[in-house]
Amino acid sequence: MATLILVRHGRSTANTAGLLAGWTPGVALDERGAAQAAALPGRLAAVPLAAAVTSPLQRCGETLRPLLDARPELPLHTDERIGECHYGDWSGRKLAELADEPLMTVVQQHPSAAAFPGGESMRAMQARAVEAVRDWNERIEQQHGEDAAYLMCSHGDIIKSVVADALGMHLDLFQRISVEPCSVTAIRYTRLRPFVVRLGDTGDLASLAPAQRETDNSGEAVVGGGAGAA
Numbered sequence: 008m009a010t011l012i013l014v015r016h017g018r019s020t021a022n023t024a025g026l027l028a029g030w031t032p033g034v035a036l037d038e039r040g041a042a043q044a045a046a047l048p049g050r051l052a053a054v055p056l057a058a059a060v061t062s063p064l065q066r067c068g069e070t071l072r073p074l075l076d077a078r079p080e081l082p083l084h085t086d087e088r089i090g091e092c093h094y095g096d097w098s099g100r101k102l103a104e105l106a107d108e109p110l111m112t113v114v115q116q117h118p119s120a121a122a123f124p125g126g127e128s129m130r131a132m133q134a135r136a137v138e139a140v141r142d143w144n145e146r147i148e149q150q151h152g153e154d155a156a157y158l159m160c161s162h163g164d165i166i167k168s169v170v171a172d173a174l175g176m177h178l179d180l181f182q183r184i185s186v187e188p189c190s191v192t193a194i195r196y197t198r199l200r201p202f203v204v205r206l207g208d209t210g211d212l213a214s215l216a217p218a219q220r221e222t223d224n225s226g227e228a229v230v231g232g233g234a235g236a237a
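To convert a position in the sequence shown, counted from 1, into our numbering, add 7.
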């Protein structure tokens with residue numbers, strides 16, 4: 008079956024402002040995010056891609072623009088199922104404020120039970136994203152063969168939920184996964200099982216240095232994926 012290249016969008020203005028963007032319109036890449044997007048064609052230069060599929064949100068479109076400019080023949084498709092989680096009433100709010108919400112403890116420790124007021128549950132988010140991946144795997148294989156690779160540009164929690172499914176992890180464990188802005192995650196699907204062959208690869212080992220880490224020793228995950236290394 009196909010190989011899926013998952014790309015999280017580049018760093019956005021919401022990331023740097025500490026906001027949970029969700030489906031808030033007008034969230035663009037910041038200067039660093041634009042630079043990350045500009046580097047993407049070079050990072051993927053050796054990978055033949057059959058197609059690109061994107062979330063409909065602006066920050067994903069901006070992330071893919073340099074790649075599409077470099078590969079004008081690459082078919083582009085939009086799929087709402089890989090759009091960001093619908094955070095409902097939490098959308099556009101500061102993450103620092105949301106940390107005090109009782110629901111945040113559920114999001115951190117028992118996400119399969121978390122449902123955002125006015126939005127969707129994390130369980131529903133994972134289900135639609137995994138369904139999209141399964142559908143596109145079948146479509147790409149039928150049109151391009153089982154050795155084909157394709158790209159999806161999506162969001163932190165979406166990518167983490169797809170990785171958790173590929174690893175056979177319960178959704179309650181998905182906060183253990185980290186994917187930085189413009190990171191590349193690759194999953195090779197086969198008849199018997201998926202293989203996660205890259206996870207959150209930015210090509211930048213500097214983010215492993217203690218001073219560059221976004222998370223502290225509390226162990227809390229950044230809802231929405233965070234802004235990545237400084």
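Glycine is no exception: its CB is placed at the ideal position from the N, C-alpha and C atoms.
Close beta carbons around residue i, own chain, < 7 angstroms, minus the five adjacent residues each side
{"i": "residue 48", "result": "73, 74 and 77"}
Cutoff 6 angstroms; reference residue i; Cβ partners in own chain excluding five residues on either side
{"i": "residue 133", "result": "168 and 178"}
{"i": "residue 139", "result": "86, 88 and 89"}
Simplified DSSP state of residue i, which is helix, strand or coil
{"i": "residue 67", "result": "helix"}
{"i": "residue 202", "result": "strand"}
{"i": "residue 191", "result": "strand"}
{"i": "residue 175", "result": "coil"}
{"i": "residue 113", "result": "helix"}
{"i": "residue 6", "result": "Look at the range of the chain in this structure, 8 to 237, and you will see that residue 6 is not part of it."}
{"i": "residue 11", "result": "strand"}
{"i": "residue 278", "result": "Given a span of 8 to 237 for the chain in the structure shown, any question on residue 278 remains unanswerable."}
Residue i versus residue j: straight-line alpha-carbon distance, rounded
{"i": "residue 106", "j": "residue 119", "result": "18 angstroms"}
{"i": "residue 208", "j": "residue 187", "result": "8 angstroms"}
{"i": "residue 153", "j": "residue 170", "result": "20 angstroms"}
{"i": "residue 165", "j": "residue 212", "result": "24 angstroms"}
{"i": "residue 147", "j": "residue 31", "result": "31 angstroms"}
{"i": "residue 197", "j": "residue 143", "result": "14 angstroms"}
{"i": "residue 220", "j": "residue 184", "result": "The predicted position of residue 220 is uncertain, since its pLDDT is 49 and thus under 50; a value taken from the coordinates is nonetheless stated next. Spanning the two alpha carbons is a distance of roughly 14 angstroms."}
Buried or exposed by the 16-neighbour rule on C-beta atoms within 10 Å, applied to residue i
{"i": "residue 27", "result": "buried"}
{"i": "residue 157", "result": "buried"}
{"i": "residue 24", "result": "exposed"}
{"i": "residue 114", "result": "buried"}
{"i": "residue 112", "result": "exposed"}
{"i": "residue 125", "result": "exposed"}
{"i": "residue 162", "result": "buried"}
Closer than 7 angstroms to chain C by CB, residue i
{"i": "residue 192", "result": "Although the question refers to chain C, the structure presented lacks it and comprises just one protein chain."}
Contacting residues, own chain, Cβ-Cβ under 8 angstroms from residue i (five flanking each side not counted)
{"i": "residue 59", "result": "71, 74, 75, 81, 82, 83, 84, 157, 158, 159 and 160"}
Problem - Stretch-stretch touch, CB-based, cutoff 8 angstroms, three pairs: the segment 32-47 with the segment 14-23 - result: yes
Practice task
Specify whether the segment 195-214 and the segment 81-93 touch according to this definition: at least 3 beta carbon pairs, one from each stretch, less than 8 angstroms apart.
Solution key: no
Problem - Three or more C-beta pairs below 8 angstroms linking the segment 86-95 and the segment 123-138 - result: yes
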